Every structure is written in C-alpha cells, then in structure tokens.
Amino acid sequence: MAVLIPAFREAATIGAVVKAAREYADVIVVDDTSPDETGAKAAEAGAIVVRNETNRGYDGTLNRAFEKALELGYEFAITMDADGEHDPALIAGFKSLLAEDRVPLVLGIRPRKQRFAEIVMGLYIRLRFGVRDILCGMKGYDLKLVVENRGFDHTNSIGTELAINSLRRGAAFRQLAVSGTRRQDAPRFDRRLRANLRIFSALGQIIGQDARGLCGIATSRKLKA
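Just so you know, we're using the numbering used here here: the sequence shown kicks off at -6 and counts up by one.
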C-alpha cells in the first residue's frame, strides 16, 4: 500500500503529513520543482521522494506518482494532499476498503465545496454516477484501474479522469467522509477564477465524452435494427 502525495511549495506541512501517513502505509512524494525544501522535508520524514525535472502541475505530478507506485510493485494507492487538508488517520479506512474488502475505488467526501464550479460539477457527477464529491483529492485505487486506463490522467482533468473512466467501466466504489485542517491562506480572486475555469473545462470534457458515448450507442442500435 502506498500513499501518493503531489507537492509544490509545501515545506511547512509536508514533514508532518508524511510522518503521520507512514503510520499506515509507505509514502511516495513527488516534488513538482518546489523552490523551497519540500523534497528535503519529505525525505527527512521517511518518504520516497521523486522530483520532477520540470513543473508538471497537479495531474502530471500524480501521473509520475502512480508510475513510481507501479514500478515499485504496489497493489493499491491512496492519493492525498500535502497541506494537511486530509487527516492522515483517514488512511486506515481507505486501506481497509481497498485491501480487505477489495473495493477497487474509494472516494473521499469533503465537508464542503469551496467554489461555484465545484457545486455545478458535483451536481452533474452525482446525477450521472452517484458520486458525491469527485473533486476530493483523497481517493483510493486498486492499481489495476491505472493499468486499464493506461495511466492516471491524459486530459488535465483535475484528478478526476481515472475515477470517472473506472466508473464508466462499472468499477465498484465506496465513499468515505474526509476531514482535516483547512488552508489558512485565502486564495486571491484571480486564482479563484482560474480554478473555476479549470473545473468547468474538466466538466465540459466529461459531458462531451458522455455525449459521444451515447451517440455511439445510438448508432450501434440503428445498425443492428
């Protein structure tokens, strides 16, 4: 079992997060070219640390983390944030569902959604798949899902592609409430705007893929008729 943590400029929190997470599983931290001591602090706390040569962003950094987990032979992985927003004690519940109950996909549910776009996307995903918080960064995966998807992400989906595609393939899933320490640095308006635009972009991709899938089914039925 591996905990995968993408990190950028998280020197203040990463050490404590890694130390707590290692009580439950091995930890792989991918440092996305942080200019501070994020990587060093993670290594000091006992993590396996990989450093990106160029900045890859959230999805690209998690791609690297999943590649490392597969390379090292892990069967399951849990993703979580580096900033303390996810309580490492929650790993135990995810681990139990993955390794003991053999649930291939475990999805976290945050106490609240912070952005308007999250609410809109959350409504669509809940109606479509029955998932309450697809954007929660704490998720658990049987790594066979990564192999089936040929990677974690190909579309800059804000961490949703693997879960969404697994749901489309009929993967069983469970949902767990997650908690932690909310970030103290309030985002500026421009950052909030960019985040909303990214979420709407990811939602547009998902809706487009669903629409193409429905068109394909309709065409297939016409050909058979």
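All residues carry an ideal CB built from backbone N, CA and C; glycine is no exception. None of these values were measured; they are calculated from a predicted model.
Assign residue i to buried or exposed, taking buried as 16 or more other Cβ atoms, counted over all protein chains shown, within 10 Å of its Cβ.
i: A18; result: buried
i: F109; result: exposed
i: L190; result: exposed
i: A85; result: exposed
i: D94; result: exposed
i: A82; result: exposed
i: C208; result: exposed
i: A38; result: buried
i: R162; result: exposed
i: G201; result: exposed
i: L100; result: buried
Which same chain residues end up closer than 8 Å to residue i when comparing Cβ atoms and leaving out the 5 residues on each side of it in sequence?
i: F69; result: M(-6), A(-5), K88, L91, A92, G133, Y134, D135 and L136
i: Y67; result: M(-6), A(-5), D19 and L136
i: P97; result: L91, Y134, D135, K137, L138, S159, A164, A165 and F166
Please go through the same chain and pick out, in chain order, the residues whose beta-carbon is closer than 6 Å to the beta-carbon of residue i, but skip the five residues on each side of it.
i: P180; result: Low confidence applies to P180: its pLDDT is 45, below 50, so where it sits in the model is not reliable, and the reading given next is rough at best. Closer than 6 Å at Cβ, skipping near neighbours: no residue.
i: L196; result: M114
Quick one, are the C-beta atoms of residue i and residue j less than 9 Å apart?
i: A9; j: D29; result: no
i: I21; j: L65; result: yes
i: D80; j: V171; result: yes
i: I(-2); j: K34; result: no
i: L160; j: F122; result: yes
i: G130; j: G144; result: no
i: R205; j: Q168; result: no
i: V23; j: V11; result: no
i: L55; j: T31; result: no
i: E111; j: G173; result: no
How close, in whole Å, do the beta carbons of residue i and residue j come, if the pair is a contact with beta carbons under 8 Å?
i: F59; j: D25; result: The pair is not a contact, with the Cβ atoms about 14 Å apart (cut-off 8 Å).
i: A156; j: I199; result: Between I199 and A156 the Cβ distance is about 11 Å, and since that is not below 8 Å, they are no contact.
Got a sec? Which residues, its chain only, sit under 7 Å from residue i by beta carbon, not counting five neighbours each side?
i: N158; result: N142
i: L116; result: none
i: S150; result: D52, A195 and Q198
Open item on the list: For the structure I just gave you, are there three or more beta carbon pairs, one from the segment 44 to 52 and one from the segment 98 to 109, closer than 8 Å?
Closed with: Touching, no, given that fewer than three Cβ pairs across the two stretches are closer than 8 Å.
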